[in-house]
Amino acid sequence: MSNGRHLAPRPGFVLDVDKNSPPIVFHHGEGFRLEKLPAGRSRVIYPAEPLEGLPDPDGAIRHALLNPIGDSDPLPALLRPNMKLTIAFDDISLPLPPMRRPDIRQRVIEAVLDIAAEAGVDDVHLIAALALHRRMTEDELRHAVGDRVYDAFAPKGLLYNHDAEDPDGMVVLGETPHGEAVQFNKRAAESDLVIYVNINLVAMDGGHKSTATGLTGYTSLRHNHNVHTMLNSTSFMDRDNSALHASNWRMGKVLRDAGVKIFQIETTINNDTFGREGPLSMLQKREWEWSGRDRTSFLAMQQGLKVMPTNLKRKAFSTWLAPYEMTSVQAGEVEAVHEVTTANVYRQHLVPVEGQTDILTMGLPYICPYNVNSIMNPILVMCLGLGYFFNLYRGRPLVREGGVVIISHPTPWEFNPVHHPSYIDFFEEVLTDTTDPGEIEKKYEKRFAEDEWYIHLYRNSYAYHGVHPFYMWYWGAHALSHVGRVIIVGGDTRAVRRLGFQPASTLADALEMAGDVVGPQPTITHLKNPPLLMADVT
Amino acid sequence: MIAESLAGRRIAITGSTGFLGTALVERLLHSVPSCTLVLIVRPGRRGAQRRVDRDILRNDAFDRLRTSLGDDAFEEMAATRITAITGDVSEEGLGLDEDGRAVLATCDIVIHSAAIVSFDSPLDQAVEVNLLGPVRITETLAELETTPHLVAVSTCYVAGSRRGAAPEEPVNESPFFVDVNWRLEVESARRIRHETEGTSRSPESLAGFRKEAHDELGAAGIPALAAKTEQLRSRWVDDRMAGAGRSRAASLGFPDAYAYTKALGEMALTESAGDVPVSIVRPSIIESALAEPSPGWIRGFRMAEPVIISYARGLLKEFPGIPEGTIDVIPVDFVVAAICAVAARGPIEGADIVQVASGSVNPLHYGRLVDLVRAWFTDNPIYDEHGQPISVPEWSFPGRGRVKRQLERAGTTLDLSRKVLDKLPIRGRQAEIAVKLEEQRDLVERAMGYVDLYGAYAECEAVYLLDRLIALWDTLDAGDHETFCFDPRTMDWNHYVPEIHLPSVVKAGRVPMKPPVRGVQDRATRLRNRVLSPERHIAAFDLENTLIASNVVASFAWLGSRHLSRGDRIRFVLKTLAEGPTLLALDRRDRSDFLRFFYRRYEGAPKTRISEDSAEHFSDLILSRSFPAGIRRVREHRALGHRTVLITGALDFVVEPLRPLFDDIISSELGTSQLSDGTDAYDGRMKAAPPTGEARYQALVDYADLHDLDLRESVAYADSASDLPMLEAVGFPVAVNPETRLANIAKKRGWLVEDFAKSPGMSRRLLPLAPPVSTAAARRSA
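Keeping their order, the protein sequence lines are chains A and B. With the first letter of the first sequence counted as 1, position 483 gets the number 520 in my numbering; the numbers rise by one all the way through. With the first letter of the second sequence counted as 1, position 595 gets the number 666 in my numbering; the numbers rise by one all the way through.
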């Protein structure tokens, strides 16, 4: 890659650490650690280099809209005057970090709106399909859909955030054979066509999950956002082995049977998270290929971060916009589209890995789906590590059953009271009582989910729903039941203990502590992510 | 013999609610079966009879009588043998009504034990009671034309601060006596009171008291400040009068005003006695009972106890005194017995003075007392708040001057630090440092008090001769020796101090003699549980610094800057900053004036726009600066079924988004007027007085009345001394992140103190300006 864009991007690969291997950069929140892994028994999984983006994204989008896959007419054929059209789009949790303008959603929505205008459609609503996530701010909406679309729709109240707690805005459309109620955004349910605009960052995203999760509420989500489902999603990044997706697919069928017509647009992006140039570009490279300049700027950045207060660091990192490029776009019938999308995601992410490991190490970055422009609180650390990173596998988990996960993250005892009010109470009230997902679900979920104050904040301020921290905890349930111990390196010890994990000040200490669980001379695998990768474990 | 002599006699007693008086009443009821008692008591609020029932007969001194007779028989016996009459020795004619005079006229013996024994009482009060009390008794008896045997209780210390033998002779016959005219002393004491009262009311003094009250309470509202000012004034007068007493006593060679007024009282009594036969009984320092009514019995916290407890707590490391000096202590039952013996014997010719002391025949040396105390507390340590035993310090017997100088130095340093801290805008944890400082300052002050007051006694080297006492003892038979023992030669200090006195002192002082049991909740948890009990009615909350770290100025800055262009923003900031000091000063002076003045700047603000903006303001300013633990607390109260109410001077549209948190919100409201385009705008005038200070208290009272709820069962949360009226109105006040003044008050009154903090990790914005409205919205509103 250091040779520029002329050569084909190299696939991901597994490095066996030997005496000559350089120290590995671990993400560590708003900072980094350089770690030397034990030679002879450690390996590092490197992501593939970013795939080439489509040379003409707007042309590709238009082409996809006019040439749908699966059982679907081209978009123009689905549009007519006097119809009700709802365009739903992914919220602030995608992509991560946010991408440079123009956002893919803007490109797609502008293309869709052009075609709709040509067809004489004038009843159009645009909805941020955020389920129980926090509402997007004006700035965030503008970034996602572009100023032109925002200014044309938002002032008239036609561009808004989904409100799963609006008593007049939600309907129940039916029940799956498994008894799962299917609740749906009323405007979308009453529309003649729902167009869903996806950015499929990871394999979990898209398919029926877009609508069945994005435009629903607690009534539906409690059927698949629970401990039982998560324990049976191995992993939730692998649709065919994911109870979470099975439930969403069942719900998708109920939507279809209820007459909700969905035109699905899915897009994939490459993993060019840190760019080919700029202050973070060395993170896109493998350590032994760093140039002198990369080394100097990394050291300078480390020094700078050392003296910066956390707030400033947070601010600095949150200004980073990824130069992601679109690698594919497909539209049409949900399931057919999603098949192609998943193949495209895998093309970028999958790295074959042979065999499991005793100890899985991971460096968590400053961002996860739920703290964009916010604080990554301890509960989100747990979710990102044991939920997302742990589940970035196909086949078998990277770490063996009873193994150890070592997470590197500062895990500060910090919360954003606007975005995460129920997280604070979850941390203070629930985790002080128990960290067992099943018990938490049984004892506390309903109270938090139905709490009027949290609902008020979700609807009128910018708060994640009261039940959201529970979902974060459930996301890690599979990992919690699978591994023997979780150790966090460099975290706030009180916060780490509150999570039920063990704090360690250095990786060496953590490896030492892990030895108690997995025995001497354990094998170690480091998941070098991001840039994003997914381990295909055989 | 004593019982027989007193049988069938009618005995009047003053001071029966006191330590000595109670023991005397008990002993007469117990050991002289057929005498009857007339108790002259101040009526208090309840009347004389109720006071006798409550304040005397309910005392544990009467336990043995109640037990032996049974409750009913005891009540009946008390009813037949005791007559309570209303009277006051500090009033002319003893304050007796006709009935009272008639009853007094029938008495055979009058025992006068009423006195102001506090060593730092105001001069004039001591004069009225200790000096003039005996005179008023003899005058009243003269008026009634009766001549009962008057037994007056005085003190050995009338002999003054001197060395060597102090015989049982009249005060003015002592070679050391400085001759003074007691009538002039009375007059001048009254004049000093008069002058001091006058001085305290001078405009300068009153201004000083008001300032002090304001410093202590802040902008707490006029009624609260007025009450505090008057309290400070009257305390100042009392302090000055106590000082006057100390100086006058010292100038005449007495250790304190008590001894001085008692000495002159004896002279005045002798002079005014006329035909009334007088006996004077002078005890030394009266301490807990050796045997009767029960070993160790004590009433009230007596002179030596605070010293002993402070020492055991490790607070008092040094106390002036000389090890070979005598600490003249006598158990209360010895004094009672001696009084009975004198009364039974009846009047004799000439000056009849009996001293009841121990120093001359069986001295307890200061050094020995300290050894006994130290040994006992080493075996039976007091426990500190962490459950650690406190080890008692080694006593070094320093001189009084050195100790005082040390304490004064400590006091000055602490005073200075406190003044500095008072000026700093600190609250919560930091304010606790100030509270600790204040506590230490209190300790130093108390220690200074002990040194001042008791040092003179500890250093006293007078030896009180007991010839008459011993002679009286020798006239008694074996039965009396058994029942009315007062022979100090029989005292075994090695037994009395550790076995009887110290256990009783620690019991009376309620000091923790056991380590706290494990698993027992700490005080804050206990208080919190009471605050969060389902029985509570209302939970009232202040907003600023109680639930959010923000204020009305920040809200205005946010709302006011929301629609400004870049240049206007800068001008806006500069203008607001320039006004800062004025606003701050106004806020300190009077909260409601400040709000009235400040809210004027909402004049002309369009109502609909403010209402639209307040939703963003809620997220961006209020929630981001909220105290999650505070909000959780509101919700806990609600979940418990309490009525939650927010009472704030903030404006209604600012707090409107908080409505789901509370059952009710009481806030300030602005009037509106119509603009030329037909829309409504705020006029910048408040519709009613803002609920702050005493208005907040009133709002809470009205609220409780309206909903028929009990404030004594209610909780209030606030952060500032200006909220005192509201906090004092409820049964369960909670100080949240209190500033220094409130922290001090909360500590003293044992209120729950909570530290609610902002969520850590939020960036601090220097100026609470609204983020600029994005272009489109700005265009829209333009």
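Note that the Cβ used here is the ideal one computed from N, Cα and C, for glycine as well.
(message) Going by DSSP, what residue range makes up the beta strand (DSSP E) through lysine 298 of chain A?
(response) Taking the first sequence and counting its residues from 1, one reaches residue 298 of chain A at position 261. Per DSSP, lysine 298 of chain A belongs to no beta strand (DSSP E) and is neither H nor E.
(request) Return the residues of the region 668 to 699 of chain B that lie within a Cβ-Cβ distance of less than 7 Å from chain A, sorted by chain order. (result) Answer in chain order: Ala686, Phe689, Ser690, Leu694, Ser695, Ser697 and Pro699.
(request) Evaluate glutamine 340 of chain A with the Cβ neighbour count: other Cβ atoms within 10 Å of its Cβ, from every protein chain shown; 16 or more gives buried, anything less gives exposed. (result) Here residue 340 of chain A is taken as the residue at index 303 of the first sequence, counted from 1. Glutamine 340 of chain A should be labelled exposed.
(message) Using beta carbons (cut-off 8 Å, strictly below), is glutamate 489 of chain A in contact with chain B?
(response) Counting from one through the first sequence, the residue named residue 489 of chain A turns up at place 452. So, interface residue.
(message) Assuming contact is defined by CB atoms lying nearer than 8 Å, are leucine 543 of chain B and alanine 237 of chain B in contact in what I supplied?
(response) On the second sequence, position 472 is the one that residue 543 of chain B refers to. On the second sequence, position 166 is the one that residue 237 of chain B refers to. It is not a contact, given that the beta carbons lie outside the stated cut-off.
(message) By the three-class DSSP mapping on this structure, what secondary structure does leucine 122 of chain A have?
(response) Translated into positions along the first sequence, residue 122 of chain A becomes position 85. In the structure shown, the three-state DSSP call for leucine 122 of chain A is strand.
(message) Could you tell me the alpha carbon to alpha carbon distance between proline 316 of chain A and methionine 288 of chain A, rounded to whole angstroms?
(response) Sequence index remark: in the first sequence, residue 316 of chain A carries index 279 (1-based). Sequence index remark: in the first sequence, residue 288 of chain A carries index 251 (1-based). So the alpha carbons of these two residues sit roughly 44 Å apart.
(request) Using beta-carbon positions only, say whether histidine 101 of chain B and glycine 367 of chain B come within less than 8 Å of one another. (result) Translated into the one-based positions of the second sequence, residue 101 of chain B becomes position 30. Translated into the one-based positions of the second sequence, residue 367 of chain B becomes position 296. For histidine 101 of chain B and glycine 367 of chain B, no; Cβs fall outside 8 Å.
(request) Report yes or no: do the region 151 to 162 of chain B and the region 106 to 115 of chain B share at least 3 C-beta pairs separated by less than 8 Å? (result) Yes, they touch.
(request) With 7 Å as the C-beta to C-beta threshold (strictly closer), list the residues of the region 485 to 519 of chain A near chain B in chain order. (result) So the close ones are Glu489, Trp490, His493, Asn497, Ser498 and Tyr499.
(message) Along the chain, where does the alpha helix (DSSP H) containing asparagine 381 of chain A start, and where does it finish?
(response) On the first sequence, position 344 is the one that residue 381 of chain A refers to. Here the alpha helix (DSSP H) through asparagine 381 of chain A covers 371 to 386.
(request) With a 10 Å radius around its C-beta and 16 neighbouring C-beta atoms as the bar for buried, classify leucine 782 of chain B as buried or exposed. (result) As a working mapping, residue 782 of chain B is identified with position 711 in the second sequence. Per the 10 Å Cβ criterion, buried.
(message) Under 8 Å, CB to CB, which of the residues in the region 726 to 739 of chain B have a partner in chain A?
(response) Only Pro728, Pro731 and Leu732 from the region 726 to 739 of chain B bring a Cβ to less than 8 Å from some Cβ of chain A.
(message) If we require 3 or more residues per run, which beta strand (DSSP E) segments fall completely within the region 603 to 683 of chain B?
(response) Counting only runs of 3 or more, we get 609 to 612.
(request) Identify which residue in A:Gly66, A:Asp55 and A:Tyr491 has its Cα closest to the Cα of isoleucine 404 of chain A. (result) Within the first sequence, the letter at position 367 stands for residue 404 of chain A. Closest option to isoleucine 404 of chain A, Cα to Cα, is A:Gly66.
(request) Run the CB neighbour count on arginine 70 of chain A, radius 10 Å, all protein chains shown included, and call it buried at 16 or more, exposed below. (result) By 1-based counting over the first sequence, the position of residue 70 of chain A is 33. Buried: at least 16 other Cβ atoms inside 10 Å.
(message) As a quick exercise: from A:Val442, A:Leu320, A:Met319 and A:His170, pick the residue whose alpha carbon is nearest that of tyrosine 407 of chain A.
(response) What you label residue 407 of chain A is simply residue 370 of the first sequence in a count that begins at 1. Cα-wise, what sits closest to tyrosine 407 of chain A is A:His170.
(message) Closer than 8 Å between beta carbons: that is the criterion. Which residues of the region 777 to 803 of chain B meet it against chain A?
(response) If the cut-off is 8 Å between Cβ atoms, the region 777 to 803 of chain B has nothing near chain A.
(request) Compute the Euclidean distance between the alpha carbons of leucine 570 of chain A and tyrosine 83 of chain A, then round it to the nearest angstrom. (result) By 1-based counting over the first sequence, the position of residue 570 of chain A is 533. By 1-based counting over the first sequence, the position of residue 83 of chain A is 46. It is roughly 8 Å from the alpha-carbon of leucine 570 of chain A to the alpha-carbon of tyrosine 83 of chain A.
(message) One question on the structure: do glutamate 370 of chain A and serine 109 of chain A come within less than 8 Å of each other, judged by their Cβ atoms?
(response) Against the first sequence, residue 370 of chain A aligns to sequence position 333. Against the first sequence, residue 109 of chain A aligns to sequence position 72. Yes, Cβ-Cβ distance for glutamate 370 of chain A and serine 109 of chain A is below 8 Å.
(request) Locate the alpha helix (DSSP H) running through isoleucine 293 of chain B, then write down its first and last residues. (result) Taking the first residue of the second sequence as 1, we reach residue 293 of chain B at position 222. Isoleucine 293 of chain B -> alpha helix (DSSP H) spans 293 to 322.
(request) Would you give the residue range spanned by the alpha helix (DSSP H) that glutamate 765 of chain B belongs to? (result) Indexing the second sequence from 1 puts residue 765 of chain B at position 694. Unbroken alpha helix (DSSP H) run through glutamate 765 of chain B: 764 to 778.
(message) Strictly by DSSP, which residues pair up with glycine 235 of chain B?
(response) Here residue 235 of chain B corresponds to residue number 164 of the second sequence, with the count starting at 1. B:Ala533.
(message) With a threshold of 8 Å between beta carbons, is threonine 36 of chain A in contact with chain B?
(response) This structure does not reach residue 36 of chain A, given that chain A is present from 38 up to 575, and the question cannot be answered.
(request) Would you list the one or two residues that DSSP bridges to leucine 52 of chain A? (result) Counting from one through the first sequence, the residue named residue 52 of chain A turns up at place 15. When DSSP reads this structure, leucine 52 of chain A sits in a beta bridge with A:Val81.
(request) Show which residues of chain B have a CB atom less than 9 Å away from the CB atom of glutamate 451 of chain A. (result) Along the first sequence, one-based indexing puts residue 451 of chain A at 414. Result: Ser830, Pro831, Gly832 and Met833.
(request) Label aspartate 327 of chain B either buried or exposed according to how many other C-beta atoms from any shown protein chain fall within 10 Å of its C-beta, with 16 as the threshold for buried. (result) The sequence position of residue 327 of chain B within the second sequence is 256, counting from 1. With a 10 Å radius around the Cβ and a threshold of 16 neighbouring Cβ atoms, aspartate 327 of chain B comes out buried.
(request) Could you check what DSSP says for asparagine 285 of chain A in three-state terms: helix, strand or coil? (result) The count along the first sequence starts at 1 and reaches residue 285 of chain A at position 248. DSSP, read as helix, strand or coil, puts asparagine 285 of chain A in helix.
(request) List the residues of chain B that isoleucine 461 of chain A touches, going by C-beta distances under 7 Å, in chain order. (result) Within the first sequence, residue 461 of chain A is the residue found at index 424, counting from 1. Neighbours of isoleucine 461 of chain A on chain B, chain order: Pro699 and Ser830.
(message) When you compare the CB of arginine 704 of chain B with every CB in chain A, is at least one pair closer than 8 Å?
(response) By 1-based counting over the second sequence, the position of residue 704 of chain B is 633. Not an interface residue.
(request) Give the range of the beta strand (DSSP E) segment to which glutamine 745 of chain B is assigned. (result) Counted from its first residue, the second sequence places residue 745 of chain B at position 674. It spans 741 to 745 - the beta strand (DSSP E) in which glutamine 745 of chain B sits, taken as one unbroken run.
(message) Could you check whether the Cβ of valine 455 of chain A sits closer than 8 Å to any Cβ belonging to chain B?
(response) Locating residue 455 of chain A in the first sequence gives position 418, where the first residue counts as 1. Yes, its Cβ sits closer than 8 Å to a Cβ of chain B.
(request) Have a look at histidine 456 of chain A and phenylalanine 464 of chain A and give me their C-alpha separation to the nearest angstrom. (result) Here residue 456 of chain A is taken as the residue at index 419 of the first sequence, counted from 1. Here residue 464 of chain A is taken as the residue at index 427 of the first sequence, counted from 1. Between histidine 456 of chain A and phenylalanine 464 of chain A, the C-alpha separation is close to 14 Å.
(request) Please compile the residues from chain B whose C-beta is within a distance smaller than 8 Å of the C-beta of proline 458 of chain A. (result) Start at 1 with the first residue of the first sequence, and residue 458 of chain A comes out as number 421. Here the neighbours are Leu694, Pro699 and Ile702.
(request) For isoleucine 124 of chain A, decide whether its Cβ has a neighbour in chain B, counting only Cβ atoms nearer than 8 Å. (result) Indexing the first sequence from 1 puts residue 124 of chain A at position 87. Chain B, which has no Cβ nearer than 8 Å to the Cβ of isoleucine 124 of chain A, makes this no.
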